[in-house]
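The structure under discussion appears below in the form of structure tokens.
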Amino acid sequence: MTSTQVTDVQQKREQDLVDTVVRSFDGAGDERLRFIMQTLVKHLHAVVRETRLTEKEWEQAIAFLTDAGAITDDKRQEFILLSDVLGVSMQVIGVNNQAYADATEATVFGPFFVDGSPRIELGGDMAFGAPGEPCWATGTVKDTDGNPVRGARIEVWEADADGLYDVQRPEGHMAARAHLFSDDAGEYRFWGLTPTPYPIPADGPVGKMLDAVGRSPMRASHLHFMVTARGLRRLVTHIFVRGDEIGWKDTVFGVKESLIKDFVRHPAGTSTPDGRSVEGPWTEVRFDIVLAPAEPAQPSV
Ligand code: BEZ
Ligand code: FE
36 MTSTQVTDVQ
46 QKREQDLVDT
56 VVRSFDGAGD
66 ERLRFIMQTL
76 VKHLHAVVRE
86 TRLTEKEWEQ
96 AIAFLTDAGA
106 ITDDKRQEFI
116 LLSDVLGVSM
126 QVIGVNNQAY
136 ADATEATVFG
146 PFFVDGSPRI
156 ELGGDMAFGA
166 PGEPCWATGT
176 VKDTDGNPVR
186 GARIEVWEAD
196 ADGLYDVQRP
206 EGHMAARAHL
216 FSDDAGEYRF
226 WGLTPTPYPI
236 PADGPVGKML
246 DAVGRSPMRA
256 SHLHFMVTAR
266 GLRRLVTHIF
276 VRGDEIGWKD
286 TVFGVKESLI
296 KDFVRHPAGT
306 STPDGRSVEG
316 PWTEVRFDIV
326 LAPAEPAQPS
336 V
């Protein structure tokens, strides 16, 4: 049954309640807070009315949120995960990183960034012993006028070949994460790992919800970047592997066409760009990064 099937009297009662609740925020001194709360109330009530939500279903929703709170601590954030799998994180990122000239697109931050990553020199290895196939990553950092950005801080982090970030391992030492700085020509290069698919933490209420609706918890293979430079908009993004088995089915909707890159595979024994000796096959990827101005006058496409 939809809301259009209720009687006029019932419709009026429901709408009166929405109006009363919306008006209860009229006195909020903070205009922005008032706008957000009133909009939230309208949309929440619309969901209840449109779905004709039962009391049992509402109790289940409250129980779900209670479980999400119970599993959340300083290491596990179930509410961000929920926002991620509902596509809300990506929508917030999109709204706040508007298209600007040829600036590189942003994507979801994820829960596995750690402050204080080790610094590596250009050409260094961010794997720090984490298992996986070596990957030589290179590119430039430029502004939207095409000028090289010198000294941009590039944070990189990723899961290893077992699908785990260092923080998910009991050993407790940092691996498969580092930061480096672009050189005078805006160029960077480092050794990392060829990304592989892995599941988001699925042992909590969000995982149960995905299971109940027949959705996979898998993320498309990716390598995270966060790039900061004075006067330019901070970029939080990943690059994805062209031909990846998960690809567009990424459970947090993070994939963008412009961020899918060719990870070119070289057979064992092929010499490497920096002469490093590598056992087994390795890959090579190029990612040229363009940063928007910190506060663009106007979004332009
Ligand atoms: C990740 O990229 O690692 C990630 C992103 C969103 C939710 C969970 C994991
Ligand atoms: Fe990730």
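If you number the sequence shown the way my numbering does, the last residue is 336 and the count never jumps.
Glycine residues also receive a C-beta, built at the ideal position from the N, C-alpha and C atoms.
Please read these numbers as outputs of a predicted model, since none were measured by experiment.
Candidates the options: closest to residue i by CA position
{"i": "residue 325", "options": "187, 145 and 46", "result": "187"}
{"i": "residue 286", "options": "295, 232 and 259", "result": "232"}
{"i": "residue 225", "options": "99, 206 and 310", "result": "310"}
{"i": "residue 305", "options": "41, 161, 269 and 171", "result": "171"}
{"i": "residue 149", "options": "194, 247, 246 and 283", "result": "194"}
{"i": "residue 258", "options": "91, 196 and 104", "result": "196"}
{"i": "residue 302", "options": "211, 314 and 92", "result": "314"}
{"i": "residue 155", "options": "145, 218 and 68", "result": "218"}
{"i": "residue 55", "options": "163, 106, 73 and 184", "result": "73"}
{"i": "residue 137", "options": "81, 181 and 61", "result": "181"}
{"i": "residue 79", "options": "211, 298, 95 and 57", "result": "57"}
{"i": "residue 121", "options": "163, 184, 65 and 288", "result": "288"}
{"i": "residue 243", "options": "67, 40, 59 and 95", "result": "95"}
{"i": "residue 48", "options": "260, 84 and 75", "result": "84"}
{"i": "residue 321", "options": "204, 238 and 227", "result": "227"}
{"i": "residue 110", "options": "59, 208, 278 and 203", "result": "203"}
{"i": "residue 213", "options": "198, 312, 199 and 157", "result": "157"}
Where residue i falls, given that 16 or more other Cβ within 10 Å makes a residue buried
{"i": "residue 229", "result": "buried"}
{"i": "residue 201", "result": "buried"}
{"i": "residue 86", "result": "exposed"}
{"i": "residue 88", "result": "exposed"}
{"i": "residue 273", "result": "buried"}
{"i": "residue 283", "result": "exposed"}
{"i": "residue 127", "result": "exposed"}
{"i": "residue 131", "result": "exposed"}
{"i": "residue 42", "result": "exposed"}
{"i": "residue 70", "result": "exposed"}
{"i": "residue 114", "result": "exposed"}
{"i": "residue 152", "result": "buried"}
{"i": "residue 36", "result": "With a pLDDT of 45 at residue 36, under the threshold of 50, the modelled position of this residue cannot be trusted; read the value that follows with caution. So residue 36 counts as exposed."}
{"i": "residue 44", "result": "exposed"}
{"i": "residue 330", "result": "exposed"}
{"i": "residue 142", "result": "buried"}
{"i": "residue 220", "result": "exposed"}
{"i": "residue 51", "result": "exposed"}
{"i": "residue 119", "result": "buried"}
{"i": "residue 190", "result": "buried"}
{"i": "residue 184", "result": "buried"}
{"i": "residue 290", "result": "buried"}
{"i": "residue 294", "result": "buried"}
{"i": "residue 296", "result": "buried"}
{"i": "residue 162", "result": "buried"}
{"i": "residue 124", "result": "buried"}
{"i": "residue 108", "result": "exposed"}
Presumed contact (8 Å Cβ cut-off) between residue i and residue j, rounded CB distance
{"i": "residue 281", "j": "residue 255", "result": "4 Å"}
{"i": "residue 159", "j": "residue 116", "result": "So it is not a contact: roughly 32 Å between Cβ atoms."}
{"i": "residue 270", "j": "residue 262", "result": "5 Å"}
{"i": "residue 267", "j": "residue 178", "result": "6 Å"}
{"i": "residue 174", "j": "residue 135", "result": "Incorrect: roughly 19 Å between the Cβ atoms, too far for contact."}
{"i": "residue 99", "j": "residue 240", "result": "5 Å"}
{"i": "residue 168", "j": "residue 317", "result": "6 Å"}
{"i": "residue 147", "j": "residue 192", "result": "6 Å"}
{"i": "residue 176", "j": "residue 63", "result": "With a Cβ gap of about 42 Å, residue 176 and residue 63 do not count as contacting."}
{"i": "residue 165", "j": "residue 211", "result": "4 Å"}
Backbone secondary structure at residue i - three-state DSSP
{"i": "residue 252", "result": "coil"}
{"i": "residue 330", "result": "coil"}
{"i": "residue 97", "result": "helix"}
{"i": "residue 187", "result": "coil"}
{"i": "residue 173", "result": "strand"}
{"i": "residue 51", "result": "helix"}
{"i": "residue 319", "result": "strand"}
{"i": "residue 296", "result": "strand"}
{"i": "residue 89", "result": "coil"}
{"i": "residue 267", "result": "strand"}
{"i": "residue 114", "result": "helix"}
{"i": "residue 70", "result": "helix"}
{"i": "residue 201", "result": "helix"}
{"i": "residue 37", "result": "Bear in mind that a pLDDT of 48 at residue 37, under 50, signals an unreliable position, so the model cannot answer this."}
{"i": "residue 325", "result": "strand"}
{"i": "residue 276", "result": "strand"}
{"i": "residue 178", "result": "strand"}
Segments of 4+ residues assigned as alpha helix (DSSP H) that fall wholly inside the region 118 to 165:
123 to 131
Enumerated in chain order, which unbroken segments of the beta strand (DSSP E) with a length of 3 residues or greater are wholly contained in the region 203 to 265?
212 to 216, 222 to 228 and 257 to 263
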